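Trainee: Order-wise, the sequence lines are chains A and B. The opening residue of the first sequence carries number 16 in the numbering used here; numbering runs sequentially from there. The opening residue of the second sequence carries number 16 in the numbering used here; numbering runs sequentially from there. Quick reminder that beta carbons are idealized off the backbone N, C-alpha and C, glycines included. Keep in mind that this is a model prediction, so the values were computed, not measured.
Number of protein chains: 2
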Amino acid sequence: MFAVTILGNNSALPMYDRHPTSQVVAYNEFLFLIDCGEGTQLQMSRYKIRRNKIRHIFISHLHGDHYFGLPGLLTSYGLNNRTEALWIYCPHLLEEIINLQLKAAETVLPYPLHFVSLENEELLFDDNKIRVTCFPVRHKIPCWGFLFEEKPKPLKLNPDILREYAVPSEAYGRLKAGEDFITKAGIVVPNQKFTLPAEPQLRYAYCTDTAYDETIAQKVKKVNLLYHETTYLDGQRDKASLRGHSTTRQAAAIANRANAHRLLIGHFSSRYEMLDIFLEETRRDFENTELAVEGATYLVTN
Amino acid sequence: MFAVTILGNNSALPMYDRHPTSQVVAYNEFLFLIDCGEGTQLQMSRYKIRRNKIRHIFISHLHGDHYFGLPGLLTSYGLNNRTEALWIYCPHLLEEIINLQLKAAETVLPYPLHFVSLENEELLFDDNKIRVTCFPVRHKIPCWGFLFEEKPKPLKLNPDILREYAVPSEAYGRLKAGEDFITKAGIVVPNQKFTLPAEPQLRYAYCTDTAYDETIAQKVKKVNLLYHETTYLDGQRDKASLRGHSTTRQAAAIANRANAHRLLIGHFSSRYEMLDIFLEETRRDFENTELAVEGATYLVTN
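(1) Do you know how far the Cα of A/Y180 is from the Cα of A/I280?
(2) Counting only Cβ pairs nearer than 7 Å, list the residues of chain A close to B/I53.
(3) May I ask you to report which of helix, strand or coil DSSP gives A/Q38?
(4) Which two residues bound the contiguous beta strand (DSSP E) that contains B/T122?
(5) Can you tell me where the alpha helix (DSSP H) with B/A90 in it begins and where it stops?
(6) For A/H154, which residues in chain B fall below 7 Å Cβ to Cβ?
(7) Does B/A119 come within less than 8 Å of chain A when only Cβ atoms are used?
(8) Are A/V235 and A/A18 touching if we call contact CB-CB under 8 Å?
(9) Looking at A/L124 and A/G79, is the spacing between their C-beta atoms short of 8 Å?
(10) Using DSSP bridges, identify the partner residues of B/T262.
(11) Determine the chain B residues that contact A/S91 at a beta-carbon separation under 7 Å, and present them in chain order.
(12) Under 8 Å, CB to CB, which of the residues in the segment 57 to 84 of chain B have a partner in chain A?
(13) Which chain B residues sit within Cβ distance under 7 Å of A/L94?
(14) Out of curiosity, what's the CA-to-CA distance linking A/Q116 and B/P35?
(15) Please name the residue, chosen from A/H129, A/I74, A/T90, that lies closest to A/W159 on a Cα-to-Cα basis.
(16) I need the boundaries of the beta strand (DSSP E) containing A/G188, first residue and last residue.
(17) Spatial neighbours of B/N95 within its chain, please: C-beta separation below 8 Å, excluding the five flanking residues on both sides.
(18) If you count every other CB in all the chains shown that lies within 10 Å of the CB of B/A200, and 16 or more means buried, which is it?
(19) For the segment 98 to 114 of chain B, which residues have a CB atom closer than 8 Å to at least one CB atom of chain A, in sequence order?
(20) Might you give, ordered along the chain, the residues of its own chain that have their beta carbon closer than 8 Å to the beta carbon of B/R33, omitting 5 neighbours on each side?
(21) Out of curiosity, what's the CA-to-CA distance linking A/T122 and A/Q251?
(22) Measure the C-alpha to C-alpha separation of B/L85 and B/G52 and round it to an integer number of angstroms.
(23) Is there at least one Cβ from chain B nearer than 8 Å to A/P116's Cβ?
(24) Taking 8 Å as the cut-off, decide whether the C-beta atoms of B/G259 and B/T225 are in contact.
(25) In the DSSP assignment, find the beta strand (DSSP E) that holds A/I103 and state where it starts and stops.
(26) Mind checking whether the beta-carbon of A/D175 lies closer than 7 Å to any heavy atom of the ligand ZN?
(27) What's the gap between the Cα of B/V152 and the Cα of B/T223?
(28) Between B/P157, B/L306, B/T98, B/E295, which lies nearest to B/L128 when the distance is taken from Cα to Cα?
(29) Apart from the five residues on each side of it in sequence, which residues of its chain come closer than 8 Å, Cβ to Cβ, to B/A255?
Put into structure tokens, the structure is as follows:
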């Protein structure tokens, strides 16, 4: 299970019951939160997100529509007697802001809170099955994209051949890792004899807020699902560029350059009430596009 | 028109579609905001509050459920190109928090923002018809109640007597202010001859978060409407006291001691899904009680 649930798909001014940015990435037993606009904890209740499973929160940048819901979430965890540690990956001033708010409230959180400052393009989280890295995007203030990548998976074993060579089960792990097999008689049988290709590594990339930036396409090459902002329709390219945002066709261009499998668009300006036109415009250039709809879940698949 | 609209009636953990504390006090052309929990700007949209009319915001204390919606509101005003000045009356650390958030966002608001630090029981706002003062309440951190008071109103004139004495209209203002009338012949006619008593001065008091504190009753004597928190039912007196909160019957006791006309209760703990029992318990001791319901407006009347 590798999927993204949208909690907020709007840009800074909440409107039409659309909320500022937040989304949850589920990967096996992990639940990652990306951005946390005002009202995120209410959206979590509405869409039955199991918030206590979240241990890692990624904040792209310090415009309020991407983090003003975080202090409330952290406080609520405290009121609910959370004890599990929580990691926040964010621009460094956020730690100062949160600490000042805790000081003002004379609150000591009952769980460890760790801040990891985003400074360079680097590995943030590394587990035996998934890793998360950040890369810069182009906004009016420092802003980061995030790439969630499955690690290489084991080769698949062919049970018929295993039986034919009487391979003991202790050897399965080495075969899955790509090693050759040596029989009791000392004969080396090449790994390919026993194995089928591994499942492909799935990848999800998150890019908002950002102006059109071709270097992003390099960072997110061949991702299975690309979330890219489309704050404006393509008629507003100048405004988008001025404000560090992208349009529909610009997002499609990045998806095409990156050779992404599927594109998910969001961060819609509150000047637009109806969103269908975003989908139409983007699909003209990149067919496999979906609108990020609040409460909807999008699978990261091959 | 003097009325209070509830935007949030819940305590810190939002639940059952109840929101953290916020309310709007309308007085003639003024709109005052008291507290601004997370989601307040969304609640304003939901209940069609004319947010641009707000020029004065009162923040009782720096627990997040009373101000985490403020940064978003201030930012939205900026995005909407507000130019009118805004005053925030609050504990002093809030100014530091907001300034740090603006710095992190590299945002300069397009309107003047003035912070007035709550330090002493004093007059905060003074207009020719209404004034607002603050007074301390008893919570775990410094916390303030607010009293909205109409100023003395002019006496009413009796048109029949004015005619009988041929009082020129230029003299009406002095009569309304309580002065006697001197006829052309130099005779002093006492003011009472021409006037009826003025309309009573209406008063609204806001008290949350607070433990039971009899000194509050002194501050809010004979208010027409008293908002007093009832975080807990009366069976939870010990917990209420420990956490700096009040129960139903404690709020009723303050209303009785103050000789308040009407009591409005709110700030309900999220441990309670149904609220009717709050009303029942409070009414046992103070009959003229109402539940603060989100979206509902309560008139401040005689």
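Mentor: If we stick to the structure as given:
(1) Those two C-alpha atoms are separated by around 51 Å.
(2) Per the sequence shown, the amino acid found at residue 53 of chain B is Glu instead of Ile. In chain order: E53, G54, G84, G87.
(3) DSSP places A/Q38 in strand when its eight states are reduced to three.
(4) Run containing B/T122: none; DSSP gives neither H nor E here.
(5) The sequence shown places Thr at residue 90 of chain B, rather than the Ala named in the question. Taken as a continuous stretch (DSSP letters only), the alpha helix (DSSP H) holding B/T90 covers 85 to 94.
(6) Under the 7 Å cutoff, chain B gives no residues; its nearest Cβ is about 10 Å from A/H154.
(7) The beta-carbon of B/A119 is placed less than 8 Å from the nearest beta-carbon of chain A.
(8) Going by beta carbons, A/V235 and A/A18 fall outside the 8 Å limit.
(9) Taking the C-beta atoms as reference points, A/L124 is found no nearer than 8 Å to A/G79.
(10) B/Y247.
(11) Within chain B, the residues near A/S91 are L28.
(12) Those would be L57, S60, L77, H78, G79, D80, F83, G84, in chain order.
(13) Under the 7 Å cutoff, chain B gives A27, L28.
(14) Cα to Cα, A/Q116 sits roughly 17 Å from B/P35.
(15) If we check each option's Cα against that of A/W159, A/I74 comes out closest.
(16) Per DSSP, A/G188 belongs to no beta strand (DSSP E); it is in the alpha helix (DSSP H), 187 to 191.
(17) Answer for B/N95: N67, listed in chain order.
(18) B/A200 comes out exposed.
(19) Listed by position along the chain: P106, L108, L109, E111, I112.
(20) In its chain, beyond the 5 residues on either side, G23, N24, N25, F283, S285, E309 have a beta carbon closer than 8 Å to the beta carbon of B/R33.
(21) Straight through space, the alpha carbons of A/Q251 and A/T122 are spaced by roughly 45 Å.
(22) The straight-line gap separating the alpha-carbon atoms of B/L85 and B/G52 is approximately 7 Å.
(23) Position check: residue 116 of chain A holds Gln in this sequence, whereas Pro was assumed. With 8 Å as the cut-off, A/Q116 counts as an interface residue toward chain B.
(24) A contact, by the Cβ cut-off of 8 Å.
(25) Looking at the DSSP string, the run of the beta strand (DSSP E) that includes A/I103 is 101 to 105.
(26) Ligands displayed in this structure: none; no statement on the ligand ZN is therefore possible.
(27) A direct Cα-to-Cα measurement between B/V152 and B/T223 gives close to 8 Å.
(28) Distances from the alpha-carbon of B/L128 to those of B/P157, B/L306, B/T98, B/E295 put B/T98 closest.
(29) For B/A255, where only same-chain residues beyond five positions count, the Cβ hits under 8 Å are A226, Y227, T246, Y247, S261, T262, Q265.
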